[in-house]
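Here's the structure, in structure tokens; my notes come after.
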Amino acid sequence: MNEYLEPALKKNLKIAIAGAGLAGLTAAIHLLRAGFEVHLVEKDAYPKHKVCGEYISNEILPYWQSLGINPFDWGAVQIEEFELSSRSGKTLKTALPLGGFGISRYTMDSKLAELAKEKGGTWMQDTVERIEYKNAGFEIFCRSGESFESDLVIGSFGKRSVLDAALSRKFFSNKTPWMGVKAHYEAEVPENVVSLHSFNGGYCGISKVENNRVNVCYLTHLDAFKASGNLEGFQHDVLSQNPQLKTFFNQATPVFEKSLSISQISFQPKELITNHILMCGDSAGLIHPLCGNGMAMAVHSAKLLAESIVEYHFKSQDREELEQSYIKRWNSTFSGRLQTGRVLQRILQHETATNLGISSLQRIPGVLPKIISLTHGKPLEI
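Reading the sequence shown from the start, the letters are residues 1 to 382 in UniProt numbering.
Quick look at the structure:
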């Protein structure tokens, strides 16, 4: 049996997880199977939709399956191909090196939450407003007035949170110009394809999820959005300038009454450890959505952190050794991907560069899968 699945034999650690999204729930299930006490605090009720691309690389499947997680039991759709289009509609398609799957956060997060509860995780629906580290432990204060103590705290509270402000994290004070928008549609699109379409000021991802729904999620620069004034105007005036997107929206029927949006998305480097709180998922760092691998990175970061915690506990390391071990593992795993994502994002912001890139890749078709591989990892070992 793998070490991280062995029951904790020593004095048990109490682990609090602030934010029960994809990374927080994966870390919780891993740590619960290892025998730790895990208490999750999540501000929202399940099921819930989130602004998210809803495509995940197959690289995480071996690890998830080792934890008893199988997204295909919940209706996940197999995705095998990637399509890219420039603003003018020029397209390029290739097979995904590992493949992936599409599933909504509405379904996935609620199913993971059920599994965490089944494994013995305790739950609180509340908002964590303050975390204090003292006497080699933590006290967590919630908006309801409730407070509790823990030995370790995992921060998995998403892209931007009130906790980031309370902890005075450096990135939080820097305004960013990025806005994300997501909605589900009924539309005829290839089931096995995830597509990325460039437009003036950003890019839009389209892929199938469960129940024959199509997820559409785009990232845009606020300057590009402000010129249109609202989501409908932006879709008509900007998104539809790409012929591929125009064709899609002309035949698609919205499922949501209103699209979801989130602003001030930050792709700046973030501290992995703040006041001894261990950050994972989007709280630790965010890759540009065009790379199509943000959710797989969130799951992978949860694995790295959970393994570091198990090692810390069984090998009697001190807190500094735990923190340094996690930082080393995270940087070794993700720094290259994040840098590649920044480069690709700059290229896709320029129409000429995108068109030239697509033309070049059409002449040398083997290059695009290699570029995709730079933003994805290998199947996670268990």
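Where a beta carbon is used, it is the ideal one built from N, C-alpha and C, also for glycine.
Fair warning: this is a prediction, and the values are worked out from it, not measured in the lab.
Exposed unless 16 or more other CB atoms sit within 10 angstroms - verdict on residue i
i: Gln-244; result: buried
i: Gly-233; result: exposed
i: Asn-293; result: buried
i: Asn-12; result: exposed
i: Glu-307; result: buried
i: Ser-155; result: It should be pointed out that residue 155 corresponds to Gly in this sequence rather than to Ser. With 16 or more Cβ atoms within 10 Å of its Cβ, Gly-155 is classed as buried.
i: Phe-157; result: buried
i: Asn-215; result: buried
i: Ile-364; result: exposed
i: Phe-267; result: buried
i: Ala-45; result: exposed
i: Glu-132; result: exposed
i: Phe-256; result: exposed
Straight-line Cα distance separating residue j from residue i
i: Ile-140; j: Glu-149; result: 6 Å
i: Ser-57; j: Ser-316; result: 35 Å
i: Gly-121; j: Leu-338; result: 32 Å
i: Leu-278; j: Ile-60; result: 21 Å
i: residue 383; j: Glu-311; result: With the chain covering only 1 through 382, there is no way to say anything about residue 383.
i: Ser-360; j: Pro-97; result: 19 Å
i: Thr-91; j: Glu-129; result: 46 Å
i: Ile-17; j: Leu-32; result: 12 Å
i: Ser-283; j: Lys-378; result: 23 Å
i: Leu-219; j: Gln-78; result: 24 Å
Residue interval of the beta strand (DSSP E) (run including residue i)
i: Pro-177; result: Per DSSP, Pro-177 belongs to no beta strand (DSSP E) and is neither H nor E.
i: His-49; result: Per DSSP, His-49 belongs to no beta strand (DSSP E) and is neither H nor E.
i: Gly-155; result: 152 to 155
i: Pro-190; result: Neither: Pro-190 is in no beta strand (DSSP E) and is coded neither H nor E.
i: Leu-260; result: 260 to 265
Residue range of the alpha helix (DSSP H) that includes residue i
i: Ile-29; result: 22 to 33
i: Tyr-133; result: Careful: Tyr-133 lies outside any alpha helix (DSSP H), inside the beta strand (DSSP E) at 128 to 134.
i: Gln-241; result: No alpha helix (DSSP H) contains Gln-241, which DSSP labels as neither H nor E.
i: Leu-222; result: 222 to 226
i: Gln-78; result: Segment 77 to 85 is the beta strand (DSSP E) holding Gln-78; no alpha helix (DSSP H) there.
i: His-236; result: 231 to 237
i: Ala-16; result: Note, Ala-16: premise wrong, no alpha helix (DSSP H); beta strand (DSSP E) at 14 to 18.
i: Trp-64; result: 61 to 66
i: Leu-112; result: 105 to 118
Pair within 8 Å by beta-carbon distance, residue i and residue j
i: Asp-126; j: Gly-137; result: no
i: Ala-165; j: Leu-40; result: no
i: Arg-87; j: Asn-211; result: no
i: Leu-84; j: Ile-29; result: no
i: Met-179; j: Phe-249; result: no
i: Glu-37; j: Ala-20; result: no
i: Ser-110; j: Pro-71; result: no
i: Glu-186; j: Arg-213; result: yes
i: Cys-204; j: Leu-239; result: yes
i: Leu-380; j: Lys-303; result: yes
i: Val-51; j: Ser-261; result: yes
i: Val-209; j: Gly-53; result: no
i: Glu-81; j: Lys-93; result: yes
i: Lys-159; j: Leu-286; result: yes
Check: residue i C-beta below 7 Å from any heavy atom of the ligand SAH
i: Glu-81; result: No copy of the ligand SAH appears in this structure; indeed no ligand is present at all.
Short CB-CB distance (under 8 Å) between residue i and chain B
i: Tyr-55; result: Here chain B cannot be found, since the structure has a single protein chain.
### Query
Along the chain, which unbroken stretches of the alpha helix (DSSP H) at least 4 residues long are found entirely within the region 299 to 352?
319 to 348
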